[in-house]
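A.B. asks: Just dropping this structure here.
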Amino acid sequence: MWRTRAAAPCVICRSLANSSYGIKRKSPLQNLHLVSRSIRHPYYPSSKLQRPPLRISIQLFSSLNRLPLRKTKLLNVKYGYPFHRNFWLARLASRLLKLRYLILGSAVGGGYTAKKTYDQWKDMMPDLDEYKWIVPDFIWELDEHIDFEKLIKALPDADDLAKLLPDFDKIGESFTSLKGFFSPGSPGETAFRATDQGYDNDKQYKKVSDKEKIDQLQEELLRTQLKYQRMLERLEKENKELRKLVLQRDDKGIHQRKLKKSLIDMYSEVLDILSDYDASYNTQDHLPRVVVVGDQSAGKTSVLEMIAQARIFPRGSGEMMTRSPVKVTLSEGPHHVALFKDSSREFDLTKEEDLAALRNEIEIRMRNSVKEGCTVSTETISLSVKGPGLQRMVLVDLPGVISTVTSGMAPDTKETIFSISKAYMQNPNAIILCIQDGSVDAERSIVTDLVSQMDPQGKRTIFVLTKVDLAEKNVASPSRIQQIIEGKLFPMKALGYFAVVTGKGNSSESIESIKEYEEEFFQNSKLLKTCMLKAHQVTTKNLSLAVSDCFWKMVRESVEQQADAFKATRFNLETEWKNNYPRLRELDRNELFEKAKNEILDEVISLTQVTPKHWEEILQKTLWERVSTHVIENIYLPAAQTMNSGTFNTTVDIKLKQWTDKQLPNKAVEVAWETLQEEFSRFMTEQKGKEHDDIFDKLKQAVKEESIKRHKWNERAEDSLRVIQHNALEDRSISDKQQWDAAIHFMEETLQSRLKDTESVIEDMVGPDWKKRWLYWIGRTKEQNIRNETKNELEKLIKCNEEHAAYLANDEVTTVRKNLEARGITVDPCLIKDTWHQIYRRYFLKTALNHCNLCRRGFYYYQRHFVDSELECNDIVLFWRIQRMLAITANTLRQQLTNTEVRRLEKNVKEVLEDFAEDNEKKVKLLTGKRVQLAEDLKKVREIQEKLEAFIEALHQEK
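Structure representation (structure tokens):
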């Protein structure tokens, strides 16, 4: 049965194979849907179908030729399927399936076309983002200031409206009857015509009534405006309280988390850095700020206080109070506080005590910034004010412009104020808030001419007329105020004109009372009632909003351009550094100071590493150089004039005791202090090869001098040292031969050194001897010849009496003078005595040296106390006592140095370095040079660029 069915011709397969429905590569049966196969073979499910290999002919089409290729003969296919003739269902299903894909493709294509068309239209539309500033920001933020949920709740419900429907129906019926009453031929028409006849008689009366109606409408309009203004202020007050609560709740975690800086604080930091930057680059005047200028006592400070909502500035009656520029950064915060840039103290502006302290601090800072002989200062005082509802901006209050310099002012006060004002106003991005006193004649204004010079087109000027309440009372023609506000009276132009009232002139008024007075005044003012002033031109609230909008508009327009300028400046500075200092790090002044500080501290610590032997050698040598003259001249020489050893020892003991009690301890401390200074200076000035940086030399020298100046030796050191020295000099017992030889050697060195010095002095007195005169062709002066003759006469005296005393008797002086006069030489007695002192000194030293040589073998006699011996070596014992005292003193001073004084000096050095670190002027003076200045500029430019980029990023995020 299977073979019979297979032999039957498959008509549907042949027809599908020969058709051209777009199937090119596969058999039509293979491309049929699963449902079609089930319809074609109803007796065998598609999941169990076993298909034998196909042998068919496929009609191929080529994209290169429109004609079909040659056809091959269709071979029989043996499937073994049952034969059926009703295949129209399969054909219908395939058509329906194809229709589904057509619909789906059309939908996708249509959607893509629509999207593309929409994008094209969108690209054709202009970008309106740049014109958002036309609409004030509070319109966009209206949902933040007005609680729409409360308004919705205040509206009547649907049930209440349903109750009013019958009343509306009655009103409609009344209008219908009224229309019928005035229809043609009705009694109402007759009455209307009768009334019309008397129109000419009452024409004049109607004119008056129309004027009254206009006045009534204007008053009604003003009342409506004020009503909604009060409503808006009430809603803003409620919103302000709610925002304050939210900010206070967020402020509870201020110590647990790091708060993100506000946008205005970031911008204020940029301005602070720019104010410290080198003015030669002229970059600090390229970013916007609101500059408040005006004549003296025009109300500048009062306007600024109204914007800040606190009486924060010093006040006076007619005198100059603003003596330096004050930069005020306003920002929103949970508490109404103020703080200075360089201080962490917060002033609570809700407390009168803190307000008084803040005003006093500002006044003190102003007076301290003013240099001697000046009245105003160019130094800017930076102040930040935060509080709920404050408009974010940066304002600079400048000293008031004056016309005359009064007594007590510097002669150049007027010019200085003008130069300060011009310096701030010449910034092309600065907003000029021009304050004009409305209570004085406009012709007396000085600031308007100054502002018109700096901004002739008025593209960045906002004019503010203060004291309008006084102006309305005093000005005879109110239209004059209208001319000022419309910009027709002054030669200057402005973006906007505002009229404000900043109180009644009482310095004790609060901000709230001033606001109430201002609102009450404008509510009853004829200037508003007669439309001379517009509602948006009055009150400091509207002024604050307008200034804030203008400020942020200019910030957005200029900050990116300024960032690009600093980027270029940074590139130029980095290139200059690489070319000039390729192997050095870019260390600014503070970093260089820290590096120098570490080096200085290391050098101070090096003092503790000096060996005790080195300290004692230096101290002993220096101390002997300081006291040797006193020992030889005042102790040894007088004692040597005695006749026996007992008298010698007695004289020595007395003089040593006197010396120890009065001079020796003080001299020893002086020597120790000078030695410490010399060692400290040696370490400070010692060059360390290639690592030495001469840029630190001035700083190290200043630190060394200041530290030495502050250091004082311990006062009790002399007392303890006196006892030690006295005990050392009391000892006369030489224990061994080595100490005896050391004392002899010490004595010989000392005497030879003194003899050499004495020979030099005598040579200078008498001139060169015959050898030098003959070899070097030099001669003696007249005075030298006289001294030489005097020397020869005195030497004769010593030869005659080898045991001559140290001093000449008067008769001996007379004898020498007469002998010289006999040879024609006139000599003064003082010259004879002076020459004798040096001649006898030389003779004595030579004699002492000869005696020292004799005592080399005298230790044996010393041990026997020179009994049965003609040799007496008491002078050797004296020098041994001196030598031992020097060694013990040096050891004691070394201990004081290493244990106490070096540490105290180190402490002084640290204190000096800390003081220098806080004194920027000192650092600028001591760390100078092109390298330092270039590194400083690089640091500042990088810091400014980073701050600007962070501010721009935050600005974009806020958008």
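Every number in the numbering used here is 3 more than the matching position in the sequence shown, counting from 1.
Note that beta-carbon positions come from the ideal geometry of N, C-alpha and C, so glycine has one too.
What you are looking at is a predicted structure, and each value in this text was computed from that prediction instead of being measured.
1. Looking at the secondary structure, which residues open and close the alpha helix (DSSP H) in which residue 699 lies?
2. Apart from the five residues just before and just after residue 606, which ones in its own chain have a Cβ nearer than 7 angstroms to its Cβ?
3. In chain order, what residues of the same chain lie with their CB nearer than 7 angstroms to the CB of residue 654, ignoring the 5 residues before and after it?
4. Could you tell me which residues DSSP pairs with residue 500 in its beta bridges?
5. For residue 793 and residue 754, which I take to be in contact (beta-carbon distance under 8 angstroms), what is that distance rounded to the nearest angstrom?
6. Quick one: what's residue 343 bridged to in DSSP?
7. Does the Cβ-Cβ distance between residue 622 and residue 674 come in under 8 angstroms?
8. Per DSSP, which one or two residues make a beta bridge with residue 437?
9. Rounded to whole angstroms, what's the CA-CA distance from residue 883 to residue 609? Just pull it up for me.
10. Assuming the contact rule is C-beta atoms closer than 8 angstroms, residue 385 and residue 452 should be a hit. Round their C-beta distance to whole Å, please.
11. Less than 8 angstroms between the beta carbons of residue 970 and residue 290, yes or no?
12. Do you know offhand how far residue 106's Cα is from residue 116's?
13. Starting from residue 332 and walking both ways along the alpha helix (DSSP H), at which residues does that stretch end?
14. I'd like to know whether the C-beta atoms of residue 333 and residue 400 end up nearer to each other than 8 angstroms.
15. What three-state label does DSSP hand residue 535 in the structure shown?
16. Between which two residues does the beta strand (DSSP E) holding residue 400 run?
17. Have a look at the DSSP bridge pairing and note the partners of residue 3.
18. Note down the Cα distance separating residue 486 from residue 492, rounded to an integer number of angstroms.
19. Tell me which residues share the same chain as residue 894 and place their Cβ nearer than 7 angstroms to its Cβ, disregarding the 5 neighbours each side in the sequence.
20. Can you give the Cα-Cα distance for residue 807 and residue 717, rounded to whole angstroms?
21. By Cβ distance below 6 angstroms, which residues in the same chain neighbour residue 844 in space, the five residues on each side in sequence not counted?
22. Kindly indicate which residue of 950, 857, 888 has the alpha-carbon position closest to the one of residue 630.
23. So residue 880 and residue 735 are supposed to be a Cβ contact under 8 angstroms. How far apart are they, rounded?
24. Please determine, among 614, 598, 637, the residue with the shortest C-alpha to C-alpha distance to residue 695.
25. How about the segment 542 to 560 and the segment 337 to 353: do they share at least three Cβ pairs that are nearer than 8 angstroms?
26. Is the segment 462 to 474 in contact with the segment 501 to 509, if contact means three or more CB pairs nearer than 8 angstroms?
27. Tell me, which residues are paired with residue 541 by DSSP?
28. In this structure, does DSSP put residue 404 in helix, strand or coil?
29. By the DSSP assignment, the alpha helix (DSSP H) with residue 768 in it spans what residues?
30. From the DSSP output, in three-state form, read off residue 526 for me.
31. Quick one: using the 10 Å Cβ neighbour count with 16 as the cut-off for buried, is residue 37 buried or exposed?
32. Using the beta-carbon count (16 or more within 10 Å), is residue 262 buried or exposed?
33. So, residue 892 versus residue 720, is the Cβ gap smaller than 8 angstroms?
34. Could you check which residue in 925, 604, 739 has the C-alpha nearest to that of residue 906?
35. Do residue 402 and residue 423 count as a contact pair if the criterion is CB distance below 8 angstroms?
C.D. replies: Let me spell this out:
1. Where residue 699 is concerned, there is no enclosing alpha helix (DSSP H), given that its DSSP letter is neither H nor E.
2. These residues qualify, in order along the chain: 686, 687.
3. If you ignore the 5 residues before and after residue 654, its C-beta comes within less than 7 angstroms of the C-beta of 641, 642, 645, all in its own chain and listed in chain order.
4. 466
5. With a Cβ gap of about 25 angstroms, residue 793 and residue 754 do not count as contacting.
6. 386
7. Contact flag set, yes.
8. 296, 466
9. 34 angstroms
10. Incorrect: roughly 30 angstroms between the Cβ atoms, too far for contact.
11. Not covered by the structure: residue 970. The range shown for the chain is 4 to 962.
12. 15 angstroms
13. It is not in any alpha helix (DSSP H) - residue 332 instead sits in the beta strand (DSSP E) that spans 329 to 334.
14. no
15. Shown here, residue 535 sits in coil according to DSSP, grouped into three states, outside any helix or strand.
16. 396 to 400
17. This structure does not reach residue 3, given that the chain is present from 4 up to 962, and the question cannot be answered.
18. Approximately 5 angstroms between the Cα atoms of the pair.
19. 619
20. In a straight line, the C-alpha of residue 807 is about 47 angstroms away from that of residue 717.
21. 761
22. Here the closest residue by C-alpha is 888.
23. 6 angstroms
24. The option with the nearest alpha carbon to residue 695 is 598.
25. no
26. yes
27. 502
28. Residue state, collapsed to three classes: strand.
29. 740 to 769
30. Helix.
31. Reliability of the predicted coordinates at residue 37 is poor, the pLDDT of 35 falling under 50, and the value obtained from them is presented with this limitation in mind. Its Cβ having fewer than 16 others within 10 Å, residue 37 is exposed.
32. Confidence at residue 262 is low in this model, with a pLDDT of 40, below 50, so the placement of that residue should be treated as unreliable; the coordinate-derived value is given next. Answer is exposed; the Cβ neighbour count stays below 16.
33. no
34. 604
35. yes
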